[in-house]
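Accompanying notes for the structure given below.
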Amino acid sequence: MKIILISGLSGSGKSVALGLLEDTGYYCVDNLPLELLPDLVRHHIAGGGGQNLAVSVDIRSRPNIGRLRVQSRLLRQGGHRVELLFLEAAEDVLLRRFSETRRSHPLAAENGLSLQESLVRERKWLWPLREWAYCIDTSKMNAQQLRYTVQQWLDSGRNGLMVVLESFGFKYGVPSNIDFLFDMRSLPNPYYDTALRPFNGLDEPVRQYLAARPETDEMIGDIEQFMLRRLAQSAVESRSYVTIGIGCTGGQHRSVYVAEALAERLRRHYQVLVRHRQLVPPPREAG
1 MKIILISGLS GSGKSVALGL LEDTGYYCVD NLPLELLPDL VRHHIAGGGG
51 QNLAVSVDIR SRPNIGRLRV QSRLLRQGGH RVELLFLEAA EDVLLRRFSE
101 TRRSHPLAAE NGLSLQESLV RERKWLWPLR EWAYCIDTSK MNAQQLRYTV
151 QQWLDSGRNG LMVVLESFGF KYGVPSNIDF LFDMRSLPNP YYDTALRPFN
201 GLDEPVRQYL AARPETDEMI GDIEQFMLRR LAQSAVESRS YVTIGIGCTG
251 GQHRSVYVAE ALAERLRRHY QVLVRHRQLV PPPREAG
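Structure (structure tokens):
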């Protein structure tokens, strides 16, 4: 059975992610105390539940991170596939979301904490989970974009280390969930060619433009060689995911092309998932 644990910061979109999992056939439980997780799994199996499980584990139940690691390992030893999805967002974004919804933070009642103090304490409490989780920064996402990104992850599957390549635009801010960051702003910019401006790095005119530049291939080769060394070490350390950020000014042309080209090379050695932050969700086809 596949078991997905959803954690992350309050206001980052865990309810949206849990709803998507429920829509795709998972049996979902929100805010389960960790002590009850083994019993839930046994009860679900004994009841003949053929569905996979998705369980939200967040600050409301004050999770013990060490215990969660132990329980996850025991579940894997029992033949279950356990994955952790961690959602986060920038502090100013979370403050705005709480203000708009007028919700109180789960930690706000403790010792008279302010909303900002609650967010700081929650981040410190849950942050160790990021080391073995698939992380999504929802700061610039709406609900539809988050659902698409979670669905993309679900469809990818994973066996061993997964490499996540995320293109983005620096003018929108650097994603907080990346492990390695590479800047493509030194490469020729298709944006300044008015014929190429309407396209993005997935489109053939932009691909041809950048592929024809020797500095583009040199940049991709340098990143590939650097990352192969780093990823080999991450595999030894039993990391589940490594996220590589590829940025350019607007996140439309150079970063998208380089992320796709680098993914093609890294797929010879690892499972690779590509996310284009400024292109999510993809445009719908007319029809």
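Number 204 in full-length UniProt numbering belongs to position 204 of the sequence shown; there are no gaps in the numbering.
Beta carbons are placed, not taken as given, at the ideal position from N, Cα and C, and that holds for glycine.
Predicted, not measured: the structure shown is a model, and the values here were computed from it.
Assigned exposure category for residue i - 16 Cβ within 10 Å defines buried
i: Glu122; result: buried
i: Trp153; result: buried
i: residue 288; result: What is shown of the chain runs 1 to 287, which leaves residue 288 out entirely.
i: Glu100; result: exposed
i: Pro205; result: exposed
i: Phe168; result: buried
i: Phe86; result: buried
i: Val236; result: exposed
i: Tyr241; result: buried
i: Pro198; result: exposed
i: His276; result: buried
i: Tyr43; result: It is worth fixing the name first, because residue 43 is His in this sequence and not Tyr. With fewer than 16 other Cβ atoms within 10 Å, it is exposed.
Option nearest residue i by Cα separation, candidates the options
i: Ile244; options: Gly250, Val236, Arg230, Glu237; result: Arg230
i: Leu181; options: Glu88, Cys248, Arg268, His253; result: Cys248
i: Lys124; options: Ile59, Arg239, Ala17; result: Ile59
i: Arg207; options: Asn189, Ala89, Gly250; result: Asn189
i: Arg265; options: Gly221, Leu126, Ser234; result: Gly221
i: Leu37; options: Thr149, Val55, Ala212; result: Val55
i: Thr194; options: His253, Val274, Pro63; result: His253
Under the three-state DSSP convention, the category residue i falls into
i: Ala89; result: coil
i: Glu237; result: coil
i: Ala143; result: helix
i: Asp193; result: coil
i: Val57; result: coil
i: Asp183; result: strand
i: Glu152; result: Sequence check: residue 152 is Gln here, not Glu. Helix.
i: Val174; result: coil
i: Asp203; result: coil
i: Gly19; result: helix
i: Ser72; result: helix
i: Arg121; result: helix
i: Val280; result: coil
i: Ala108; result: coil
i: Gly287; result: In this predicted model, Gly287 has a pLDDT of only 32, less than 50, meaning its place in the structure is not dependable enough to derive any value.
Cross-strand partners of residue i (DSSP beta bridge)
i: Leu165; result: Ile244, Val274
i: Val29; result: Val55
i: Leu84; result: Leu5
i: Ile45; result: None; Ile45 has no bridge partner.
i: residue 289; result: Nothing about residue 289 can be reported from this structure: the residues present for the chain run from 1 to 287 only.
Distance cut-off 7 Å: residue i Cβ against heavy atoms of the ligand SAM
i: Ala195; result: The ligand SAM is absent from the structure shown, which contains no ligands of any kind.
- Task: Evaluate the contact criterion for the stretch 11-25 versus the stretch 64-74: three or more CB pairs, one atom per stretch, below 8 Å.
- Result: Touching, no.
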